[in-house]
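J.: Got a structure for you, written out below as structure tokens; questions coming shortly.
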Amino acid sequence: MAQAIDIITLSAARDIPFNKLVLSQQNVRKIKSGVSIEELAEDIARRGLLTGLNVRPELDGDGNETGIYRIPAGGRRYRALERLVSQKRLAKIAGIPCIVSKADTLEVEDSLAENVQRVSLHPLDQFRAFQTLREQGLGEEEIAARFFVSVATVKQRLRLASVSPRLLDFYAADEMTLEQIMALSISNDHVRQEQVWDAISRSHSREPYYIRRLLTEIAVRAVDRRAVYVGIDVYEAAGGVVMRDLFEQDQGGWLQDPALLEQLAMEKLKADAEAVRSAEGWKWVETAFDFAYGHASGLRRVYGTQVEMTEEEELARHDAIRAEFDRLDAEYAEASEYSEAIEQKLEELGAELDRLNDRPYVFDPEDVLRGGVFISLAASGKLKIERGFVRPEDEQRADIASSEADGSGDSNSSAAAAAAPSEVVDQADDDDDAIKPLPDRLVLDLTAARTIALRNALANDPLMAFIAVLHAFVLKTFYLYGSDSCLELTLQSARFSQTSGLGDTVWAKEIDQRQEAWGHDLPKEPNDLWAFLIALDEVSRQALFAHCASLSVNAVIEPWNKRTRALAHADLLARSIGFGMIEAGWVPTVDNYLGRVTKVRILQAVREAKGDQSAELIGQLKKADMAREAERLMTGSGWLPEPLRLATEVASVDEATSATGEVSNEGADETKKLDLPAFLTGDANDVSTPTDEIGEQQHLDAAR
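Numbering (this note's numbering), first residue to last: 1259 to 1962.
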């Protein structure tokens, strides 16, 4: 016999005046979340109440209805309606759609069921709904206003809805995550999106950052110097496409057409270079996006003179602004409260002072006619103009002839003089009353005695000795064709033009800034240099000496020149001044290390820096991907490759000789090995020399 089916009767719906409704104390929602009451009120005012309230009649002690209805489910809607009533936008007696419960269940149960049984909208449905609204004519700003979200949020949802329909179907079936869809959305090319997804589906790495990397691997970042120089607007106007990530900080996006960007940048660079040449009259101008480090080696540098301020206008204005700045700064220093207006005023005055102090440099017309300019792009994308370089073939012939005549640049003049044949004195000349030049041999002997005496005197005057060495260094560093020094010193400076990217490092920029600053301060003529150095204060002399001496440092390991002793000294020098590449800011990147070694080396580096687990994470990747992931993993680890590490113990420079198998002139029967890294010595069994023996050896060396 068939079982009878109970027929369900739903609770009745009817309009109840607002002033007859009260909140139930059994409502389970206690914590504010989601859309605010204010936004919900505005939404009700716009489109009406989309969902009625769940209410129960309130009964008196005898079980009779009192005409008041409690609301166990729908408290936020009631609060929104209450706000509209308080704003007099809704009448107190307005009918509110309500479902009147039969009270067969507990009030708290009804409240809980309404909230638990509610299913949130799938994100993809929201994306597509926004897309439908836009297709129906609503703008992004209007959609944002109607749903109380930011315009950026609307753009993000619309971007997600524009991903390949095939991939969105995967997302709807929970085969992809929202983060993966967000990463794929940076490209508008559906074919490329699907290619990337198909590729990573077969690999172990499906992280969003890896998807972004694959989509942008042939693109150029918007912060690239060429992109900044050309401008994104110009690039897009020329037909270029920019990929943008609306969900991550992408610093302007990625430019998808590197060839077009290169063309636009080169055209603009040549135009700017020609404008500089036409306006200033230089003989030649060379352009490049980035010149190799040391590109001006062998060229003489000339410096212009900064234009002075006109006393009538600019100088008076400068003094007035400086006085106003100092007065305002002094008053603000004594103030007890922060003032945004004063801060802004001080910034404006400071900027105006900088503009007045930043005077242009004027070059000698003759230097301009035979000199040239290097024009490139700085790392920031701004034009970098280096003026005042003279090629050897453009030097004035008279200057070179004069330099050769007085022996400038000949470091072996004394040796040549010593090798000259002695003049034979003719006894008959003694009877001649005419005064003839002294014999060469006599002059040589006399000046040799003077040289020895001068050496002794200089040794007893440390200050003048320092200035004399500094004078020789500055001549070699700043004056290509200048007066020679009587000190036979050699100052060489390796250029390292074979290493790309050195010019953009913070170290190279600081060196260039010092060179430029001293170049403007030093006298134009080398013959005036000695008097300049004598008049210079002690601190400045030491700073100039350190700059010149620093340019001669060469700690490069060359396969054809082991230079073991020099490299050992480089370690001692670094340790003495507390230098280390980690403190200097070196970090391993794809360009400077990880992309230039084997996969085994990459994994070894990651293992040393982050441990075996991190190395295992990237062990299955291709080399290019492995290098990029290693760079990310090793950020901040403080890891250094062997050539950048210092020896673990202090050792004397002379001990490096024994590391190469050499024996001292004294015939020492026992060689001592320098504690160098294994990659220098090639011997894993080196034994370090005790500190006491090192000190004793240094004293012996000094005695010899």
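Beta carbons are placed, not taken as given, at the ideal position from N, Cα and C, and that holds for glycine.
Which first and last residues belong to the beta strand (DSSP E) in which residue 1631 is found?
T.: Segment 1629-1635, the beta strand (DSSP E) holding residue 1631.
J.: When you compare each of 1339, 1274, 1610 and 1721 to residue 1355 by their alpha carbons, which one comes out closest?
T.: Checking every option, the nearest Cα to that of residue 1355 belongs to 1274.
J.: According to DSSP, residue 1501 sits in a beta bridge with which residue or residues?
T.: Partner(s): 1512.
J.: Give the secondary structure of residue 1596 by DSSP, where H, G and I count as helix, E and B as strand, and everything else as coil.
T.: Residue 1596: coil per DSSP, three-state reduction.
J.: Going along the chain, which residues of its own chain have a beta-carbon closer than 6 Å to the beta-carbon of residue 1516, five neighbours each way excluded?
T.: So the qualifying residues of the chain are 1478.
J.: Distance, Cα to Cα, residue 1382 vs residue 1871?
T.: Going by the C-alpha atoms only, they are around 36 Å apart.
J.: Return the chain-ordered ranges of every alpha helix (DSSP H) run that is complete within the segment 1358-1429 and spans a minimum of 4 residues.
T.: Counting only runs of 4 or more, we get 1365-1374, 1381-1393, 1398-1404 and 1409-1419.
J.: Taking the C-alpha atoms as reference points, what is the distance between residue 1931 and residue 1830?
T.: The predicted position of residue 1931 is uncertain, since its pLDDT is 36 and thus under 50; a value taken from the coordinates is nonetheless stated next. Their Cα atoms are separated by approximately 15 Å.
J.: Nearest CA to the CA of residue 1603: which residue from 1622, 1613 and 1582?
T.: Answer by Cα proximity: 1582.
J.: So within the segment 1711-1786, which uninterrupted alpha helix (DSSP H) runs reach at least 4 residues, ignoring any that extend past its ends?
T.: Runs found: 1720-1736 and 1764-1779.
J.: Give a yes or no on contact between the segment 1772-1782 and the segment 1833-1848, applying the rule of three or more CB pairs nearer than 8 Å.
T.: Contact between the segment 1772-1782 and the segment 1833-1848 is absent, because fewer than three Cβ pairs lie under 8 Å.
J.: Apply the 10 Å Cβ neighbour rule to residue 1476 and answer buried if 16 or more other Cβ atoms are within range, or exposed otherwise.
T.: Exposed, by the Cβ-count rule.
J.: Please report how far the alpha carbon of residue 1785 lies from the alpha carbon of residue 1732, in whole angstroms.
T.: So the alpha carbons of these two residues sit roughly 12 Å apart.
J.: Given a cut-off of 8 Å on the beta-carbon distance, is the pair residue 1543 and residue 1554 in contact?
T.: Not closer than 8 Å, so no.
J.: CA-CA distance, residue 1465 and residue 1433?
T.: Approximately 14 Å between the Cα atoms of the pair.
J.: Based on DSSP bridge pairs, tell me the residues matched to residue 1346.
T.: Answer is none; residue 1346 lacks a bridge partner.
J.: Consult DSSP for residue 1315 and reduce its assignment to one of helix, strand or coil.
T.: Correct three-state label for residue 1315: strand.
J.: Does the pairing of the segment 1400-1420 with the segment 1358-1372 give three or more beta-carbon distances under 8 Å?
T.: Short answer: they don't touch.
J.: Count the other CB atoms within 10 Å of the CB of residue 1280; is the residue buried (16 or more) or exposed (fewer)?
T.: Exposed, because fewer than 16 other Cβ atoms sit within 10 Å of the Cβ of residue 1280.
J.: Given a cut-off of 8 Å, decide if residue 1526 and residue 1551 are closer than it, judged by their beta-carbon atoms.
T.: Against a cut-off of 8 Å, the Cβ pair of residue 1526 and residue 1551 comes out as no contact.
J.: What are the start and end residues of each continuous alpha helix (DSSP H) run of 4 or more residues lying completely inside the segment 1808-1847, in chain order?
T.: Counting whole runs of 4 or more residues, the segment 1808-1847 contains the alpha helix (DSSP H) stretches 1822-1834 and 1839-1842.
J.: With DSSP collapsed to three states, give me the class of residue 1273.
T.: Note: residue 1273 maps to strand in three-state DSSP.
J.: How should residue 1215 be labelled, buried or exposed, when 16 other C-beta atoms within 10 angstroms of its C-beta is the threshold for buried?
T.: This structure does not reach residue 1215, given that the chain is present from 1259 up to 1962, and the question cannot be answered.
J.: Quick one: any contact between the segment 1645-1652 and the segment 1621-1631, if contact means 3 or more CB pairs under 8 Å?
T.: A contact exists between the segment 1645-1652 and the segment 1621-1631.
J.: Just list the residues that DSSP pairs residue 1620 with in beta bridges.
T.: Per DSSP, 1563.
J.: Since residue 1421 and residue 1442 should fall inside the 8 Å C-beta cutoff, what is the C-beta to C-beta distance between them, to a whole number of angstroms?
T.: Yes, they are in contact, since the Cβ atoms of residue 1421 and residue 1442 sit about 6 Å apart, within 8 Å.
J.: Contact check, residue 1547 vs residue 1484 under 8 Å by CB: the rounded distance?
T.: The Cβ separation is near 6 Å, so the contact holds.
J.: Do you know how far the Cα of residue 1883 is from the Cα of residue 1730?
T.: Answer to the nearest angstrom: the Cα atoms are 51 Å apart.
J.: Do residue 1904 and residue 1833 have their C-beta atoms within less than 8 Å of each other?
T.: Yes. Within cutoff.
J.: Where do the N-terminal and C-terminal ends of the beta strand (DSSP E) with residue 1323 fall, by residue?
T.: Element bounds for residue 1323: 1323-1331.
J.: To the nearest angstrom, how far is it from the Cα of residue 1873 to the Cα of residue 1761?
T.: Near 32 Å, if we compare the C-alpha coordinates of residue 1761 and residue 1873.
J.: Are the segment 1328-1337 and the segment 1309-1320 touching by the rule of at least three beta carbon pairs closer than 8 Å?
T.: Result yes; three or more Cβ-Cβ pairs closer than 8 Å.
J.: Compare the C-alpha of residue 1792 against each of 1747, 1766, 1848 and 1721 and name the closest.
T.: Comparing Cα-Cα distances from residue 1792 to each of 1747, 1766, 1848 and 1721, the minimum goes to 1721.
J.: DSSP on residue 1922, reduced to helix/strand/coil?
T.: At residue 1922, the pLDDT of 36 sits below 50, so the modelled position is not reliable; the number obtained from the coordinates is stated separately. DSSP places residue 1922 in coil when its eight states are reduced to three.
J.: Within a Cβ cutoff of 6 Å, which residues of the same chain sit near residue 1652, ignoring the five residues on either side of it in sequence?
T.: Excluding residues within five positions, the ones whose Cβ falls inside 6 Å are 1628.
J.: Is it buried or exposed for residue 1470, if we count other Cβ within 10 angstroms and need 16 for buried?
T.: It counts as buried.
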